[in-house]
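Below you'll find the structure, written out as structure tokens, and then a few comments.
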Amino acid sequence: GGQLYNYYLNTEAEPPIYSVFAIEGGKGRILANITDAPPAYIHSVFSTESFVVLIVWQCDIGPTDKPTYNLIDAIMPWDPEREALFYVIRKDDGEVVARYTAPAFFTFHEINSFEKDGDIIVDLPWMANHTWVEALRLGDFRAHIARSNATASFDVPGTFQRFRLSDFANGKTENGTLKVREALVDFSLRHEVGNIELPKINEEYLHKEYRYAYGTHIEKRGYFMDSIIKIDTKTQTSNVWSPETNHVPSEPIFVSRPGAECEDDGVLLTVALDEATRVSSLVVIDAKEMVEIGRARLPIVMGFGFHGIWGGN
């Protein structure tokens, strides 16, 4: 607790430098500098109890000739040959202990990561390419969000995928250079079962072996996101809360029941916009059964955001 891990990308350096850092007790320190990866838009850093995992997936950024531009304008065309790179960095001394590659993919968020039997397990919403980033432009949001038969490419495409970084403790050759090994896919779920974004878990299981992940989901293609999904990583099945009328939900926040006896003993909180009435509600969902148990209707439209936290009583 009280520790924060992130990275800073210096694109003016040659080669570019990813500086992975820690902030502990109000003081920062550089853990590692990565200089053999292309500059890319990386939304999340992954973490286990003892390691930071920097994944340089494919969303490379480069120069643009536009006089004014934003990050999306600087994203380079998709290159299916540019593999994703995984760097495993030990938290206590900053040593890069292992490096892995995987076929090109894109993602935004970590679902959870943990160490198990000498391997590191990494769960994320996998995307086949970065096309969906274009949907984040305000004009596209206004044109497509919550509209039936809208262009399906604007639906959130992420699907649950589990990578395994095997035998991370033996990631170097005898002379100390990093081996380049394959990040194995333990399993991936098809879109109908495993479509998930803005993922959350019971945070008591953060960096630990866990069973359930929750997130936004799309059931009716062309609605961007319209429901909340619960994925069971043990059975590789899912359960979905679908509102009776069309809603656009937000990231579901898991809140444990006081005295909870199991991982999914609690509720999910999501702010959902009713398309018909154009007002928002705070919806409370039973996390075990994925049924709505209550809602607080708001007199306003709650502005769309991405992330939230439960602040306690």
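At position 62 of the sequence shown the residue is numbered 43 (this note's numbering), and the sequence of numbers has no breaks.
C-beta: ideal position from N, C-alpha, C; glycine also.
Would you call residue 169 buried or exposed, if buried means 16 or more other Cβ atoms sit within 10 Å of its Cβ? Position 188 of the sequence shown, counting from 1, holds the residue named residue 169. With fewer than 16 Cβ atoms within 10 Å of its Cβ, residue 169 is classed as exposed.
For residue 198, three-class secondary structure by DSSP: Locating residue 198 in the sequence shown gives position 217, where the first residue counts as 1. Reduced to three states, the DSSP call for residue 198 is strand.
Contact check, residue 192 vs residue 167 under 8 Å by CB: the rounded distance? Stepping through the sequence shown from its first residue, residue 192 is reached at position 211. Stepping through the sequence shown from its first residue, residue 167 is reached at position 186. The pair is not a contact, with the Cβ atoms about 14 Å apart (cut-off 8 Å).
For residue 40, count the other beta carbons within 10 Å of its own beta carbon; 16 or more makes it buried, fewer makes it exposed. Which is it? Residue mapping note: residue 40 aligns to position 59 of the sequence shown, counting from 1. Residue 40 is buried by the Cβ-count criterion.
Per DSSP, the bridge partner or partners of residue 108: Indexing the sequence shown from 1 puts residue 108 at position 127. Answer is 87, bridged to residue 108.
So, for residue 55: in the same chain, excluding its five sequence neighbours on each side, which residues have a beta-carbon less than 7 Å away from its beta-carbon? For the purposes of this step, residue 55 is taken as the residue at position 74 of the sequence shown. Counting only Cβ-Cβ distances below 7 Å, and skipping sequence neighbours, we find 42, 43, 45.
Beta-carbon proximity list for residue 93, same chain, < 6 Å, skipping 5 on both sides: Along the sequence shown, one-based indexing puts residue 93 at 112. 104, 182, 191.
Can you tell me whether DSSP reads residue 53 as helix, strand or coil? Against the sequence shown, residue 53 aligns to sequence position 72. In this structure, residue 53 counts as helix in the three-state DSSP scheme.
Comparing alpha-carbon positions, which option in 140, 253, 102, 65 lies nearest residue 277? If you number the sequence shown from 1, residue 277 lands on position 296. Nearest C-alpha to residue 277: 253.
Going by DSSP in three states, residue 265 sits in which element: helix, strand or coil? Residue mapping note: residue 265 aligns to position 284 of the sequence shown, counting from 1. Note: residue 265 maps to strand in three-state DSSP.
In or out: residue 196 buried (at least 16 other Cβ within 10 Å) or exposed? Taking the first residue of the sequence shown as 1, we reach residue 196 at position 215. The residue is buried, with at least 16 neighbouring Cβ atoms inside 10 Å.
Give me, in chain order, the residues of the same chain whose beta-carbon lies closer than 6 Å to that of residue 57; leave out the 5 immediate sequence neighbours on both sides. As a position in the sequence shown, residue 57 is number 76, starting the count at 1. 41, 43, listed in sequence order.
Can you check which of these residues, 242, 221, 68, 95, is closest to residue 266 by C-alpha distance? Taking the first residue of the sequence shown as 1, we reach residue 266 at position 285. Ranking the options by Cα distance to residue 266, first place goes to 221.
Secondary structure at residue 186, three-state DSSP: helix, strand or coil? On the sequence shown, residue 186 is found 205 positions in, with the first residue counted as 1. Helix at residue 186.
Could you give the uninterrupted runs of the alpha helix (DSSP H) lying entirely in the stretch 115 to 175, keeping only those of 4 residues or more? 119 to 125, 172 to 175
Please list, in chain order, all residues of the same chain as residue 69 whose beta carbon is under 6 Å from its beta carbon, the five residues on each side excluded. Against the sequence shown, residue 69 aligns to sequence position 88. If we look at residue 69 and ignore the five residues flanking it on each side, its Cβ neighbours are 32, 34, 78, 79, 149.
Cα-Cα separation between residue 84 and residue -16, rounded to whole angstroms: Against the sequence shown, residue 84 aligns to sequence position 103. Against the sequence shown, residue -16 aligns to sequence position 3. Distance between the alpha carbons of residue 84 and residue -16 is about 32 Å.
Leaving out five residues before and five after residue -2 in sequence, what residues of the same chain have Cβ atoms less than 6 Å from its Cβ? Taking the first residue of the sequence shown as position 1, residue -2 is located at position 17. Excluding residues within five positions, the ones whose Cβ falls inside 6 Å are -9, 14, 16.
Among 163, 199, 273, which has the Cα closest to the Cα of residue 137? Residue 137 sits at position 156 when you count from the first residue of the sequence shown. Selected option, being the one with the closest Cα: 199.
Three-state secondary structure (DSSP) of residue 113: Within the sequence shown, the letter at position 132 stands for residue 113. If DSSP states are grouped into helix, strand and coil, residue 113 belongs with the helices.
Assuming residue 247 is part of the beta strand (DSSP E), what are its boundary residues? By one-based count along the sequence shown, residue 247 stands at place 266. Where residue 247 is concerned, the enclosing beta strand (DSSP E) stretches over 247 to 255.
Does DSSP classify residue 180 as helix, strand or coil? Here residue 180 corresponds to residue number 199 of the sequence shown, with the count starting at 1. It is a strand residue.
Compare the beta carbon distance of residue 188 and residue 95 with 8 Å and say whether it is the shorter of the two. On the sequence shown, residue 188 is found 207 positions in, with the first residue counted as 1. On the sequence shown, residue 95 is found 114 positions in, with the first residue counted as 1. A contact, by the Cβ cut-off of 8 Å.
Please identify the residue among 51, 139, 37 whose C-alpha is closest to the C-alpha of residue 64. Taking the sequence shown and counting its residues from 1, the one referred to as residue 64 is at position 83. Of the candidates 51, 139, 37, the one whose C-alpha sits nearest the C-alpha of residue 64 is 37.
For residue 18 and residue 212, the rounded distance between their alpha carbons: Here residue 212 refers to the residue found at position 231 of the sequence shown. Here residue 18 refers to the residue found at position 37 of the sequence shown. Approximately 32 Å between the Cα atoms of the pair.
Going by the beta-carbon positions, is the gap between residue 236 and residue 206 smaller than 8 Å? Within the sequence shown, numbered from 1, the residue matching residue 236 stands at position 255. Within the sequence shown, numbered from 1, the residue matching residue 206 stands at position 225. No, they are not a contact pair.
Do the CB positions of residue 146 and residue 101 come within less than 8 Å of each other? To locate residue 146, count along the sequence shown from 1; it is residue 165. To locate residue 101, count along the sequence shown from 1; it is residue 120. Yes, these two residues count as a Cβ contact at 8 Å.
Might you give, ordered along the chain, the residues of its own chain that have their beta carbon closer than 6 Å to the beta carbon of residue 75, omitting 5 neighbours on each side? By 1-based counting over the sequence shown, the position of residue 75 is 94. These residues qualify, in order along the chain: 12, 13.
Under the DSSP definition of a beta bridge, which residues are partnered with residue 14? The residue you call residue 14 lines up with position 33 of the sequence shown. In the DSSP output, where bridge partners are listed per residue, residue 14 has 0.
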